[in-house]
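What follows is a single structure, written as structure tokens, with notes after it.
Protein chains: 2
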Amino acid sequence: MTTSEVPDIVIGRLPIYLRALTLLHEEGHEFTSSQELGQKLGIGSAQIRKDLSFFGEFGKQGTGYEIKYLHDQISKILKVNRDWAVALIGFGALGQAVTNYGGFATKGFYIEAIFDSDPNKIGKTIEGRVIQDIANLVEVITRQKIKVAIIATPVQVAQQVADQLIAVGVQAILNYAPITLTVPSNIQVQYIDPVVHLQRMTYYLT
Amino acid sequence: MTTSEVPDIVIGRLPIYLRALTLLHEEGHEFTSSQELGQKLGIGSAQIRKDLSFFGEFGKQGTGYEIKYLHDQISKILKVNRDWAVALIGFGALGQAVTNYGGFATKGFYIEAIFDSDPNKIGKTIEGRVIQDIANLVEVITRQKIKVAIIATPVQVAQQVADQLIAVGVQAILNYAPITLTVPSNIQVQYIDPVVHLQRMTYYLT
DNA sequence: TAGATTGTTAATCGATTAACAATC
DNA sequence: TAGATTGTTAATCGATTAACAATC
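So the sequence lines, in the order shown, correspond to chains A and B.
Throughout, this note's numbering is defined as the position within the first sequence, counted from one, plus 129.
Throughout, this note's numbering is defined as the position within the second sequence, counted from one, plus 129.
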């Protein structure tokens with residue numbers, strides 16, 4: 130959440146739009162409208178038009194949006210029209226699942242460095258990448274100029290790992306550890322904690 | 130997002146509060162304040178007090194909140210002071226990671242039924258649970274009266290799986306498939322798509 | 001042209017926050 | 001008592017939405 134022209138909540142919806150556009154494209158559609166998109170996403174059509182208007186004019190009156198064009202434009206806005214090198218810290222069950230998940234690479238996020246502290250894991254090769262000693266984190270990430278990291282460590286070390294990452298220039302952290310990280314305001318952090326999502330839903334259950 | 134007395138955004142913060150309280154408790158603290166909590170979570174203290182005020186009075190002027198008590202109260206509010214049976218649909222790499230993840234059970238979410246469509250997987254036993262044919266989903270979930278489900282299927286079948294789940298009484302869905310599900314307004318859905326989180330952050334990168 | 005849909009404005013709605021009396 | 005912190009009010013801030021002129 131950085132001070133910015135465009136509200137962060139709008140930025141947060143763009144990947145959702147992108148995902149829907151990808152799906153429509155795969156289904157062979159060529160055009161869509163703010164109404165159709167909104168229906169699919171459970172969002173008002175006005176909101177979609179307003180969100181897009183922060184960045185330019187992407188549609189045509191009467192016909193709507195060309196799906197491929199809008200997809201490319203949003204990709205550019207989000208800077209996902211290129212590849213990003215990602216560091217993964219923690220190669221436990223979760224870190225291994227993250228590594229094996231094909232969805233990152235197909236979207237341009239390549240895990241190019243993996244770290245763990247377990248001597249039994251350090252040195253092993255996983256799909257061409259050697260698991261490195263977390264003691265070398267500072268050196269390796271500095272050298273490779275990696276800007277994006279995924280934390281999949283135990284919760285006890287997550288904050289100190291984050292501190293190290295930030296110290297060597299990482300600007301965006303996807304944190305799987307169940308803890309809110311304390312970071313400077315210019316650092317991006319996103320959280321994945323499935324338990325949080327489940328707990329949010331049980332409130333509504335009868 | 131159901132029509133409700135308490136704003137859904139407030140409900141969404143309660144699990145975060147719970148997580149912080151758990152941590153403080155584990156660190157041996159006995160009391161905390163809205164200020165301390167807010168600092169740890171990057172949230173204003175007034176917001177925390179306001180959020181809690183929707184449900185009652187849990188603190189004491191001058192001393193703040195007893196951590197264990199507040200934790201228990203929020204647990205009750207969220208209905209996570211009991212166990213929940215969970216169905217898992219899809220036993221690919223992701224579904225397997227979800228099954229092996231210990232974090233669900235320790236928070237009271239027990240995966241009590243696993244479904245897949247692959248004949249090579251159906252019938253196998255995983256930690257005491259047999260992988261069942263997705264063709265039996267309707268029967269099994271109806272019989273076991275399961276209310277919470279996790280979708281970890283390929284994106285192509287996620288919507289139809291969701292439709293089936295809802296038809297047999299599932300009220301809360303945690304969806305790992307990269308698609309926005311269309312569901313009735315009384316059904317809770319939460320999404321986990323790490324790519325969405327990463328794409329949201331790259332916008333801010335230089 | 002007639003119909004459809006955009007981009008944008010202004011109104012509405014809702015969430016956050018500052019301030020403070022109450023009180024432990 | 002003095003200091004600290006709550007719960008709550010009212011003001012501020014920001015996001016959503018309805019409406020419509022413009023135009024494809």
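C-beta: ideal position from N, C-alpha, C; glycine also.
| Check | Outcome |
| --- | --- |
| Three-pair Cβ contact test at 8 angstroms for the segment 267-282 of chain A versus the segment 217-225 of chain A | yes |
| Euclidean distance between Cα positions of Lys253 (chain A) and Asp245 (chain A) | 11 angstroms |
| heavy atom of the ligand SAH below 6 angstroms from Val297 (chain A) C-beta | Among the components of this structure there are no ligands whatsoever, and the ligand SAH is therefore not found. |
| Coil, strand or helix - Lys169 (chain B) by DSSP | helix |
| Neighbourhood of Phe220 (chain A) by C-beta distance below 7 angstroms, restricted to the same chain and skipping five residues each side | Ile243, Asp245, Lys250, Ile260 |
| As assigned by DSSP and simplified to three states, the class of Leu303 (chain A) | strand |
| Chain B residues whose Cβ lies nearer than 8 angstroms to that of Lys169 (chain A) | Thr309, Thr311 |
| Sequence-distant residues of the same chain with beta carbon closer than 6 angstroms to Leu303 (chain B), five excluded per side | Ile279, Gln319 |
| Cα-Cα separation, Val297 (chain B) to Lys274 (chain B) | 8 angstroms |
| Interface flag, Arg148 (chain B) vs chain A, CB-CB below 7 angstroms | yes |
| Inter-residue spacing [alpha-carbon to alpha-carbon] between Ile206 (chain B) and Gln300 (chain B) | 18 angstroms |
| Anticipated Cβ contact below 8 angstroms, Ile308 (chain B) with Leu152 (chain A), distance rounded | 6 angstroms |
| Test item: CB-CB of Ile240 (chain A) and Val215 (chain A) under 7 angstroms | yes |
| Residue range of the alpha helix (DSSP H) that includes Tyr333 (chain B) | No alpha helix (DSSP H) holds Tyr333 (chain B); DSSP gives it neither H nor E. |
| Contact list for Ile138 (chain A) against chain B, beta-carbon separation under 8 angstroms | Those do not exist, as Ile138 (chain A) stays about 10 angstroms from chain B at its closest Cβ, beyond 8 angstroms. |
| Which listed residue (A:Phe233, A:Ser162, A:Leu217) has its alpha carbon closest to that of His200 (chain A) | A:Ser162 |
| Opening and closing residue of the beta strand (DSSP E) in which Asp245 (chain A) lies | 238-245 |
| Neighbouring residues, chain B, relative to Pro99 (chain A) (Cβ below 7 angstroms) | Since the first residue shown for chain A is 130 and the last is 335, residue 99 (chain A) is missing from the structure and cannot be characterised. |
| Gly232 (chain B) at chain A interface by Cβ criterion, 7 angstroms | yes |
| Other residues of its chain near Thr335 (chain B): CB distance less than 8 angstroms, five sequence neighbours each side excluded | none |
| Best match in B:Ala287, B:Gly171, B:Arg148 for proximity to Asp217 (chain B) [C-alpha to C-alpha] | Correcting the residue identity first, residue 217 (chain B) is Leu in this sequence and not Asp. Nearest C-alpha to Leu217 (chain B): B:Ala287. |
| Cα-Cα separation, Asn315 (chain A) to His154 (chain A) | 35 angstroms |
| Beta-carbon spacing of Arg329 (chain B), Gly141 (chain A) below 7 angstroms | yes |
| Whole-angstrom distance between Phe160 (chain B) and Gly185 (chain B), CA atom to CA atom | 18 angstroms |
| Backbone secondary structure at Ile255 (chain A) - three-state DSSP | strand |
| Spatial distance of Leu150 (chain A) from Tyr146 (chain B) (CA atoms) | 35 angstroms |
| Short CB-CB distance (under 7 angstroms) between Thr132 (chain B) and chain A | Here Thr132 (chain B) scores only 40 on pLDDT, less than 50, and its place in the model should not be relied on; the value that follows carries that caveat. No, Thr132 (chain B) does not count as interfacial toward chain A. |
| Listed by chain order, chain A residues near Lys253 (chain B) by CB distance under 7 angstroms | Within chain A, no residue comes near Lys253 (chain B); the closest Cβ sits about 19 angstroms away, beyond 7 angstroms. |
| Burial state of Phe97 (chain B), where buried means 16 or more other Cβ atoms lie within 10 Å | As displayed, chain B neither begins before 130 nor continues past 335, which places residue 97 (chain B) out of reach and without an answer. |
| Chain-ordered residues of the segment 272-284 of chain B with a beta carbon less than 9 angstroms from chain A | Lys276, Val277, Ile279, Val284 |
| Inter-residue CB distance, Thr228 (chain B) and Ile255 (chain B) (contact presumed, cutoff 8 angstroms) | 6 angstroms |
| Cα-Cα separation, Thr235 (chain A) to Ala306 (chain B) | 15 angstroms |
| Inter-residue Cα distance where the pair is Glu134 (chain B) and Val267 (chain A) | 49 angstroms |
| Beta-carbon spacing of Gly167 (chain A), Ile177 (chain A) below 7 angstroms | yes |
| Cβ of His158 (chain B) within 7 angstroms of any chain A Cβ | no |
| Cβ shell of Pro136 (chain A) (< 7 angstroms), same chain only, five flanking positions each side left out | none |
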